[in-house]
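Listed in order, the protein sequences are those of chains A, B and C. 1 is the number of the first residue of the first sequence in the working numbering; add one for each residue after it. 1001 is the number of the first residue of the second sequence in the working numbering; add one for each residue after it. 2001 is the number of the first residue of the third sequence in the working numbering; add one for each residue after it. Written below as structure tokens is the structure these notes are about.
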Amino acid sequence: MGNVSLIDQLKGQKIHDLLEQGKRVDGRSFDEPRQLTIETGVIPKAEGSARVHLGDTEVVTGIKVQLDRPFPDRGDNGIFICTAEILPLAHPDAEPGPPGEDVIELARVVDRGIRETGMVDLTQLVLEKDKTVIGIFADTSIIDHAGNLFDACSYATTAALLSTKIPKWEMQDDVPVKVEGQESDAPITTIPVSITMGRIGEHIIVDPNADEWSCLDARITITTNSDGNICALQKGGKDGFTIEQLVKCGEISVSVGAKIREILKETKGTSQ
Amino acid sequence: MILGGRDTDLVLLDENGIRCDGRKIDEPRKIMIKAGVLKNADGSAYIEFGDNKIVVGVFGPRDVHPKHLANTDTGILRCRYHMSPFSVEERKKPAPSRREIEISKVIKEALKPAVMLEQFPRTVVDIFIEVLQADGGSRCAALAAASVALADAGIPMRDMVSACAAGKVADTIVLDVNNEEDQAGQADMPVGYMPNMEKITLIQLDGVLTPEEYKKCVETAIGGCKLVYEIQKKALTDKYFSNGGNN
Amino acid sequence: MENTKRKYVIPGDVITSGPYRPEQNVILDGERIIATAIGISEIYDDTVRVISLTGKYIPKINDLVVAKVLSHSSLSWELDINSSYVGFLPAADVFGRDFSAHADELNSKLKKGDLVVARIANSDRSRDPLLTISDRELGKIESGELVEISPSKVPRLIGKRGTMIQTIEMATGAIITIGQNGWIVVSCENSDGLLKAVKAIQMVEEQAHIANLTDRVKSMLESKGE
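What follows is the structure, encoded as structure tokens:
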């Protein structure tokens, strides 16, 4: 995101100096994400929801499930739509209004991670082919912006989907009717986990905090599925990566991702 | 009275004076306020008021953008009330609706008499209100939380602004109308109130009241504001004067 | 607290009524004196004030502040002074009277993100505060760590006749530059000393309203552990 405040030169220098000594400014090791806490069911009026703290970054995802028309070329698939908004209360530089390029990229990266892993089996969300399907709308609000929104939003969306209850509809005389009191879990096939890494000089760090984020030369977000396969990538920032660095990032995303996946699974177990 | 909507058989008030959610006529819903919940904002608050869940962040006084809005005599106040897409039954489009724009304005005008921005010419104080989950009376809940967030930001204020609604349900004046009562009831009157200055800074009404009912409704709402004020005070006391304070 | 005339207040609280003179963070409403900020109210002789516990820095002439360079034009720098207003440092203050917008490159002296110790040279309602760094103890900060506290707690960090800050400096060997705007630069050769000094400052920030704070800070500084 572009809107992380200008950090003072002394702190910037300190971040660089510490990395040379193999240390990070908040004491983490290079491949250690910040503390992740996930609460699900925080918005009872939504069909699924999660509030995620990743360090000081805080986001809330709410899932609404409602009937819709399918996309014309995908008549046998339900709909999944993902949005994000950096609320103006999240940061002094955030402004109300239509999303800028940073936020659109953010929402698309989260969306891609979930779509490309096939997390939700959309073929099970069809009521009447080409006419009526179930739509899942995952809207994420960023409440406090302290770096690495990609992973915070991705974990919140995933946790919210895991906690989602889909109402039951039946076709009666060509009209869909909701069957009260009947619902089921969303058709989940795998748990995607995104890991965002930053490069500062030659060093690769996992889950950069706000200060580190403003020192990044380049960043990459890699999403893996439950089988440990890489399913989505997004590179950003003002500089690039070497092949060696990219290979290393891939390995980190698999190993660190597996740990995060355990946390996501646990929240599913404890919700409700 | 035609009760419209799907809850036509809802009993709003039973023979024992108990309302559809189990409350007595002068009883507010459960209210919880916490001050200082955001790291980046200059001041912030979170409120749960019935099923409302609202977070408020305040920034400023700070530079005004765009510049031409700046006033060389005083600071200005801006307010944005916004509902998350998932805050209501039917998903809400993220862009602000006419209703949200009007509520933003009445909340701003309810707070204006309390804040003293003359000391900060050419600046703005921005209040951002996000309704994460909406229930009846969200504007009152938002106003009460915004007032706490302003105090938390250190914006000079003549008084806190408290808020609570009253209304008419089954021909009876009741405190703090909930969503069902708002849909099926006869009147809803949100009120904002400065408790020490004894000044009403927000009042709206949807519905029909006799002059007697009108007076009773205002008094009932102010009684509710005083209850909410105590909860606002507690939120600020908890943040600023707890852990080992000894008087 | 022994002084029974001190109270915790929030905006709107009536502190007292009668023939008192209102000072900081209070207003007169008829006979009543009312707090306009969260803080501690004090009545001394015939004056009433509230020591605020939150809020932004309000620039005052001659205050020493720590400032961060935000940007520059061809004639001046803009500095963040943790206030509602951006500080303004004219190029002539740094380059001297013969400053030439053509020959002198502002970037060569101060860059975006640099921290400086500055003094408020002028501040009034109609203009942004004017800064100066042309004095012996002023200028660019080359080393140390920035700690932020609420500007309203700066007097507490200094303490009565400087007792608090002296206690911290003596126990840790750190050199602490206190900006009235709540930005503090701590430098210390010894990294343990730095850590302790920063921790002591954060303690003042969190517990400013508590009595005998100096003793608490002292015992933290003397403790071996952490």
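Every residue gets a Cβ at the ideal spot worked out from N, C-alpha and C, and that includes glycine. It should be emphasised that the depicted structure is a prediction, and the values quoted were computed from it without experimental measurement.
Bridge partners - residue i, DSSP secondary structure assignment
{"i": "N1071 (chain B)", "result": "Looking at the DSSP assignment, N1071 (chain B) forms no beta bridge with any residue, so it has no partner."}
{"i": "L1175 (chain B)", "result": "B:A1166"}
{"i": "N2122 (chain C)", "result": "C:L2130"}
{"i": "M84 (chain A)", "result": "This sequence places Ala at residue 84 (chain A); Met is not what is there. According to DSSP, which records beta bridges pairwise, A84 (chain A) is partnered with A:T140."}
{"i": "A107 (chain A)", "result": "Partner(s): none; A107 (chain A) has no beta bridge."}
{"i": "A1045 (chain B)", "result": "B:A1035 and B:V1056"}
{"i": "F2099 (chain C)", "result": "The partner list for F2099 (chain C) (beta bridge, DSSP) is empty, contrary to what the question assumes."}
{"i": "Q1133 (chain B)", "result": "B:K1053"}
{"i": "G359 (chain A)", "result": "The structure shown does not extend to residue 359 (chain A), since chain A is modelled only from 1 through 272, so no value can be given for it."}
{"i": "P1190 (chain B)", "result": "B:A1165"}
{"i": "R1019 (chain B)", "result": "B:L1013"}
{"i": "L2115 (chain C)", "result": "C:K2068"}
{"i": "T267 (chain A)", "result": "DSSP, once it has assigned bridges, lists no residue as partnering T267 (chain A)."}
{"i": "T37 (chain A)", "result": "A:H53"}
Three-state secondary structure assigned by DSSP to residue i
{"i": "T2177 (chain C)", "result": "strand"}
{"i": "V42 (chain A)", "result": "coil"}
{"i": "L2221 (chain C)", "result": "helix"}
{"i": "N1052 (chain B)", "result": "strand"}
{"i": "D1063 (chain B)", "result": "strand"}
{"i": "M1083 (chain B)", "result": "strand"}
{"i": "Q234 (chain A)", "result": "strand"}
{"i": "G2281 (chain C)", "result": "The first residue shown for chain C is 2001 and the last is 2226, placing residue 2281 (chain C) beyond what the model contains."}
{"i": "L2195 (chain C)", "result": "helix"}
{"i": "F2088 (chain C)", "result": "strand"}
{"i": "R28 (chain A)", "result": "coil"}
{"i": "M2164 (chain C)", "result": "helix"}
{"i": "R1139 (chain B)", "result": "helix"}
{"i": "E1213 (chain B)", "result": "helix"}
{"i": "I2141 (chain C)", "result": "coil"}
{"i": "K23 (chain A)", "result": "coil"}
{"i": "N1238 (chain B)", "result": "For clarity, residue 1238 (chain B) is Asp in the given sequence; the question names Asn instead. Reduced to three states, the DSSP call for D1238 (chain B) is helix."}
{"i": "G2018 (chain C)", "result": "coil"}
{"i": "R51 (chain A)", "result": "strand"}
Check: residue i C-beta below 7 Å from any heavy atom of the ligand MN
{"i": "K1216 (chain B)", "result": "The model depicted lacks the ligand MN and carries no ligand whatsoever."}
Beta-carbon separation (whole angstroms), residue i vs residue j, contact threshold 8 Å
{"i": "L216 (chain A)", "j": "G198 (chain A)", "result": "4 Å"}
{"i": "L1054 (chain B)", "j": "A1163 (chain B)", "result": "Note on identity: in this sequence residue 1054 (chain B) is Ile, with Leu being the wrong assignment. So it is not a contact: roughly 12 Å between Cβ atoms."}
{"i": "I114 (chain A)", "j": "C82 (chain A)", "result": "7 Å"}
{"i": "A2067 (chain C)", "j": "L2131 (chain C)", "result": "7 Å"}
{"i": "I195 (chain A)", "j": "I222 (chain A)", "result": "6 Å"}
{"i": "G1043 (chain B)", "j": "P1061 (chain B)", "result": "With a Cβ gap of about 11 Å, G1043 (chain B) and P1061 (chain B) do not count as contacting."}
{"i": "T1123 (chain B)", "j": "S2084 (chain C)", "result": "5 Å"}
{"i": "D1188 (chain B)", "j": "V1177 (chain B)", "result": "5 Å"}
{"i": "A353 (chain A)", "j": "T40 (chain A)", "result": "Residue 353 (chain A) is absent from the structure shown; chain A starts at 1 and stops at 272."}
{"i": "I2040 (chain C)", "j": "V2048 (chain C)", "result": "About 12 Å; that fails the 8 Å criterion."}
{"i": "A2200 (chain C)", "j": "V2217 (chain C)", "result": "5 Å"}
{"i": "A46 (chain A)", "j": "F1086 (chain B)", "result": "4 Å"}
Buried versus exposed call for residue i [16 or more other C-beta atoms within 10 Å across all chains shown]
{"i": "Q172 (chain A)", "result": "exposed"}
{"i": "E262 (chain A)", "result": "exposed"}
{"i": "T242 (chain A)", "result": "exposed"}
{"i": "A2103 (chain C)", "result": "exposed"}
{"i": "V175 (chain A)", "result": "exposed"}
{"i": "G2179 (chain C)", "result": "buried"}
{"i": "S2126 (chain C)", "result": "exposed"}
{"i": "G2 (chain A)", "result": "Per-residue confidence for G2 (chain A) stands at a pLDDT of 36, beneath the threshold of 50, marking its modelled position as unreliable; the derived number appears in the next sentence. G2 (chain A) should be labelled exposed."}
{"i": "T2163 (chain C)", "result": "exposed"}
{"i": "E2206 (chain C)", "result": "exposed"}
{"i": "I2061 (chain C)", "result": "exposed"}
{"i": "D1206 (chain B)", "result": "exposed"}
{"i": "F71 (chain A)", "result": "exposed"}
Interface residues of chain F facing residue i [CB-CB closer than 9 Å]
{"i": "R2156 (chain C)", "result": "In the displayed structure, chain F is absent; the protein chains listed are A, B and C."}
Point to revise | Near-chain B residues of the region 2049-2060 of chain C - C-beta to any C-beta below 9 Å | key: S2052, L2053, T2054, G2055, K2056 and I2058
Counting only Cβ-Cβ distances shorter than 9 Å, please list the residues of the region 1074-1097 of chain B near chain C, keeping chain order. G1075
Review point. In chain order, what residues of the region 2100-2118 of chain C put their CB closer than 9 Å to some CB of chain B?
Key: none
**Asked** At a Cβ cut of 9 Å, what residues of the region 2135-2152 of chain C count as close to chain A, listed as they run along the chain?
**Response** I2141, E2142, S2143, G2144, E2145 and L2146
- [ ] Taking only beta carbons into account, state which residues of the region 1039-1073 of chain B come closer than 8 Å to chain C, listed in chain order.
- [x] Listed in chain order, the positions of the region 1039-1073 of chain B with a beta carbon within less than 8 Å of a beta carbon of chain C are D1042, G1043, G1060, P1061, R1062, D1063 and T1072.
To be precise: take each residue of the region 1153-1174 of chain B, compare its Cβ to all Cβ atoms of chain C, and keep it if any distance is under 8 Å. Which residues remain? A1153, G1154, I1155, P1156, M1157, R1158, D1159 and M1160
Just by C-beta distance, which residues in the region 71-102 of chain A are closer than 7 Å to chain B? Listed by position along the chain: T83, E85, L87, P88, L89, A90, H91, P92 and P96.
Residues of the region 133-163 of chain A in Cβ contact with chain B at a cutoff of 8 Å, in chain order, please. F137, D139, S141, I143, D144, H145 and A146
- request: Below 8 Å between beta carbons is the criterion; list the residues of the region 1186-1218 of chain B that meet it against any residue of chain C, in chain order.
  value: M1194, P1195, N1196 and M1197
Would you list, in chain order, the members of the region 16-32 of chain A that have their beta-carbon closer than 9 Å to a beta-carbon of chain C?
none
Residues in the region 1120-1131 of chain B having any Cβ partner in chain C nearer than 8 Å:
F1120, P1121, R1122 and T1123
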